[in-house]
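Trainee: Chains E and B supply the protein sequences, listed in that same order.
Mapping of the first sequence onto our numbering: residues 442 to 1108, in sequence order.
Mapping of the second sequence onto our numbering: residues 663 to 842, in sequence order.
Backbone N, C-alpha and C fix where the C-beta goes; we use that ideal spot for every residue, glycine too.
Below you'll find the structure I mean.
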Amino acid sequence: MKEIPHQQAQRWLAVGQADLPAAEKELLTAHLAQCEACRTYARETLTLQQDLTRVMQMRWDGQKSNMTHTSIPKASNRDSRLNLVGTLLGAGALAALTLALVFFFNRAPVQQTAGLINSTTVAELKPAIYKTEAITAVAFSQRAGSNVIAVGYRDGRLELVEADTGRVRFSGMASGEVMALAFTLYGQGEIIATLTREGTIELWAVDITQSAFTLMGAPLLNPNPNAAFFQLALNHDGTKLATLDSVGAVKIFSTQVAPGETPPLQMQFDFLSETTFAGDLAFSPDGKFLAVVLGTAPVARVLNLETNHEETYTLPDGPQALWVEFTPDGQRIAVGGNPNAYLFDLARQQSLLTFAGNPTWLTALSLSPDGKILATATDNEQSVRLWNAEDGTLLREIQFPDPVHAIDFSADGQRLAVLWYGADGNQLEIWSTNAATAPLANTPTPAPLPTESIISPPLVTEDLGNKVQNVSVVWLPESQATPLPPSGFTFGATITYTSGQETIAHVVAYPLASGEDPAPCELNLSAPEGRPFWANQTNYPPGTQTFSQSFPYNAEVLPNATYLLVRINVFDTAPVNNLLYCQQRIYPLAQPLETATPAFTPTLIPTFTPCAIGCEGTPTPPPFVTTLPSPTPCQIGCPETTPAPANLPNASATPAATETPIPTPAP
Amino acid sequence: LSEQTQLLALCRAGDEQALTQLLTAQRPKLFRLALSILDDAAEADEATQEAWLAARRALPSFRGEAALSTWLYRITLNVCRSKLRKQRARQRLQQVLTVVFRWEAEVVHPEEAAFQLEADRALWAAIRALPDTEREVIVLRYYHAHPIAEVAQILNVSERTVHNRLHAAHQKLRSKVHRP
């Protein structure tokens, strides 16, 4: 493997491994494996990056805009005033802001190490990350030591975010607004289940170490066409998915599906015939029980999934039970109601504790992983209350400007995610005792290098709707689940549609590299600058039209592409090309074997050709062979037999060719 | 059909309300970008407002070469750069007046008092001391957490340029904060 100088390694470390092309990353990894000095440099760089993020967050995160979101203020002529008074006023405002910041940090001193959230440390909790966007659902990873949180958005985005830095590790696109999500372990990796507002559930296999993020099976719709899913839960090992739908049916599906298959239904419990859109589900830590509350009565049910036996627990007061969660030992359940929360002992079948004093119904509930802290959120009060789950005392109440929608403890019990609906957008805050300190910098072992931030877009088909009629689209190739070969295939689309106006049909395609998130379907009509792409379009008069376009794929011009994005658009023609229809597909591209298997690295032997040319009747050997031990061709002389040409343009993809010895040369 | 898609279509058809709604949804992000460039909430508000107005004027010609958010980021960044130039002109004038009136020349930046740790203060000062081009890259990469490719799109430069600026910034920051 090629050696790189230290300076080059340090330059790449500054860029960050996540943003390096695969080949450069490989070289860097090899270099780091051998160079202690550069490993030290890497750790320092990581610390510096984390410190930069932290310092800038400390500086800017607390500052708010004074503009109202409903109006655009009039243009100001402040910039044109070069006067000292304005400058001094600005300095005065800055000083006031500084005083506020000093007060804030004095009130909540920065901790140097992360602490478990418990009855003592709840007083030290403060927010770390502010992420303001149309976030609709959050859930922490359940992997030990992981600080990754899954974040679902109104526009369907699904992101895995490092909770302490805000860095997006993965990103993908669900088929619609993410209304709920569950995130747990699954084999060697993890699994996320997303539920869209339209009631579609999608399962995503996540492997953070390998940066893989793939859609499992086909999207799941409720088998009952008259009811929609609105809540879901995954069991401890991610093999079972429980759903609650709008007619009170609880269904349990297996998540172990082949690509393209719908998760099979394993069990079903019907509790209601009336419509409900409130309620919750939770598996016990061992996966043998499922707790269910339906939101229509003050009752929690615990189903034994092995015997189908059901126990019910009635709340002492209030009209409904809304949230439920098992304690880590599986012996108790916490139930959130209206307005109080309760802790039930399953063996004794009685309520142990009441968490009273909430003014209205609870909007969220979460137990810390050790079961000692219960977090609840209420609607009217716009607050999160942290309770001692062992004695029912209120430990702390944190106020928010707007109602809190979701709360979740991290698996290590050191962070609490709070999602609240703000006027400026939904706000995600991660509360911890060391909000301003990045934990990686404090671990005694060397901090790991940042792992690759590959964005593996899910295999999605976006459909913007029906602004044209009678649309049918045929994609080429048909399969979108199987990786396409490294080279030598054709892709494209044929669209047939009817429109009452003049239209432009347009197909565009371009490669997506690792770590790249495609823009929404309608917003990106051509390849980003400087990137190879294919595109064609045709204008059509009103009526029914068929537009077909296909392109040959050549891996040589897209050496770093991991996915191929293909998009078909229909526009009107005046005045500004409104988008009438758009679909897109993302195809995974198979990687050539030599990149997957370093032993088969192609070797260029340009000096072989002149020697062979001098041999009459001998076909010219191709320029590429694989894993040859660098023979000197002119010492070898002219081969009696030529390496099989059939192997050779694709020799790099044919392992057998790598085993082919150099033919014994004639003297 | 996503809300943003609908809004974009309405905007292109000249719907003022949709335009306001679309830009309003992006405003917090734009404010945060402006704040991190200008380091002044009031200035950032003004920059966001100017970026809005610029985007309103330019939206009909937005053809989607980049994502909408990237396009808005770029507009906001240009507005901020312009304001920075004016801000510095004001500062130069202030320095002249300071000399004329014999005011205290050495002013401790009050925001540095917000950092309790000496190391943080030093790092913040080092960030402030970076050239604009390098500070923009640092801010977009580590504060806004944009990937390199997106930073390049926002700044309208090549990824290679972003790499170079990032490396140069790292070298300067390391030399100033004296990391062990």
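Got a sec: is the Cβ-Cβ distance from TYR805 (chain B) to anything in chain E below 9 angstroms?
Mentor: yes
Trainee: Would you say ALA578 (chain E) faces chain B, with C-beta separation under 9 angstroms as the test?
Mentor: no
Trainee: In chain order, which continuous runs of the beta strand (DSSP E) of length 3 or greater are located wholly inside the segment 652 to 688 of chain E?
Mentor: As far as the segment 652 to 688 of chain E is concerned, its whole beta strand (DSSP E) runs of at least 3 residues are 653 to 661, 670 to 675, 681 to 686.
Trainee: Between GLN707 (chain E) and PHE694 (chain E), is the Cβ-Cβ spacing less than 9 angstroms?
Mentor: Result yes, Cβ atoms of GLN707 (chain E) and PHE694 (chain E) sit closer than 9 angstroms.
Trainee: Just checking my contact of VAL734 (chain E) with VAL776 (chain E) at CB under 8 angstroms: how many whole Å lie between their CB atoms?
Mentor: 6 angstroms
Trainee: Around the C-beta of LEU793 (chain E), are 16 or more other C-beta atoms found within 10 angstroms, so that it is buried, or is it exposed?
Mentor: exposed
Trainee: At a CB-CB cut-off below 7 angstroms, which residues of chain B make contact with TRP975 (chain E)?
Mentor: By Cβ distance, chain B contributes nothing, its closest Cβ being about 16 angstroms from TRP975 (chain E), past 7 angstroms.
Trainee: What does SER616 (chain E) reach in chain B if we use C-beta pairs closer than 7 angstroms?
Mentor: Ordered by position in chain B, no residue passes the 7 angstroms Cβ test against SER616 (chain E), which lies about 11 angstroms from the chain.
Trainee: Quick one: is PRO780 (chain E) buried, meaning 16 or more other Cβ sit within 10 Å of its Cβ, or exposed?
Mentor: buried
Trainee: Start and end of the alpha helix (DSSP H) containing GLU821 (chain B)?
Mentor: 821 to 839
Trainee: Specify the secondary structure class of GLN679 (chain B) as computed by DSSP and reduced to three states.
Mentor: helix
Trainee: Would you report the Cα separation of VAL688 (chain E) and SER940 (chain E), rounded to the nearest angstrom?
Mentor: So the two alpha carbons sit approximately 39 angstroms from each other.
Trainee: Please report the straight-line C-alpha distance between THR488 (chain E) and HIS832 (chain B), rounded to a whole angstrom.
Mentor: 12 angstroms
Trainee: Would ASP711 (chain E) be called buried (16 or more neighbouring beta carbons within 10 Å of its own) or exposed?
Mentor: exposed
Trainee: What's the call for ILE590 (chain E), buried or exposed, on a 16-neighbour Cβ count within 10 Å?
Mentor: buried
Trainee: Which residues in the same chain as PRO982 (chain E) place their Cβ atom closer than 7 angstroms to its Cβ, once the five residues preceding and following it in sequence are excluded?
Mentor: GLU943
Trainee: Assuming the contact rule is C-beta atoms closer than 8 angstroms, TRP1112 (chain E) and ASP843 (chain E) should be a hit. Round their C-beta distance to whole Å, please.
Mentor: Not covered by the structure: residue 1112 (chain E). The range shown for chain E is 442 to 1108.
Trainee: Which of the three DSSP states, helix, strand or coil, is assigned to PRO993 (chain E)?
Mentor: In the structure shown, PRO993 (chain E) adopts extended strand secondary structure according to DSSP, grouped into three states.
Trainee: What are the boundary residues of the beta strand (DSSP E) that THR819 (chain E) is part of?
Mentor: 814 to 819
Trainee: With a threshold of 9 angstroms between beta-carbons, can THR823 (chain B) be considered close to chain E, or not?
Mentor: no
Trainee: Starting from VAL579 (chain E), follow its DSSP beta bridges and name the residues at the other end.
Mentor: E:VAL592
Trainee: Which residue marks the beginning of the alpha helix (DSSP H) containing ALA811 (chain B), and which one marks its end?
Mentor: Where ALA811 (chain B) is concerned, the enclosing alpha helix (DSSP H) stretches over 810 to 817.
Trainee: Quick check on CYS1023 (chain E): does DSSP put it in helix, strand or coil?
Mentor: strand
Trainee: If we define contact as Cβ-Cβ less than 9 angstroms, is ASP677 (chain B) a contact residue for chain E?
Mentor: no
Trainee: LEU731 (chain E) and LEU763 (chain E) look like a contact to me (Cβ under 8 angstroms); what is the Cβ gap, rounded to whole Å?
Mentor: So it is not a contact: roughly 17 angstroms between Cβ atoms.
Trainee: Helix, strand or coil for VAL609 (chain E), going by three-state DSSP, please let me know.
Mentor: strand
Trainee: Going by C-alpha distance, which of E:THR737, E:ALA459, E:ASP758 is nearest ILE810 (chain B)?
Mentor: E:ALA459
Trainee: Is any beta-carbon of chain E found at less than 9 angstroms from that of HIS832 (chain B)?
Mentor: yes
Trainee: CB-CB under 8 angstroms to GLY812 (chain E), same chain, minus the five flanking residues each way: which ones, in chain order?
Mentor: THR768, PRO769, ASP770, ARG773, ALA830
Trainee: So which residues of chain B does THR494 (chain E) contact, with C-beta pairs closer than 7 angstroms?
Mentor: TYR804, TYR805
Trainee: Report the option in E:PHE974, E:ALA471, E:THR562 whose CA atom is closest to the CA atom of ARG856 (chain E).
Mentor: E:THR562
Trainee: If you draw a straight line from the C-alpha of LEU670 (chain B) to the C-alpha of ARG598 (chain E), how long is it?
Mentor: 18 angstroms
Trainee: Name the DSSP bridge partner or partners of SER807 (chain E)?
Mentor: Here SER807 (chain E) is bridged, per DSSP, to E:ALA816.
Trainee: If you measure between the beta carbons of SER807 (chain E) and GLU870 (chain E), is that distance less than 9 angstroms?
Mentor: no
Trainee: Using a 10 Å radius around the Cβ and a threshold of 16 neighbouring Cβ atoms, would you call VAL602 (chain E) buried or exposed?
Mentor: buried
Trainee: With DSSP run on the structure shown, which of helix, strand or coil describes TRP828 (chain E)?
Mentor: strand
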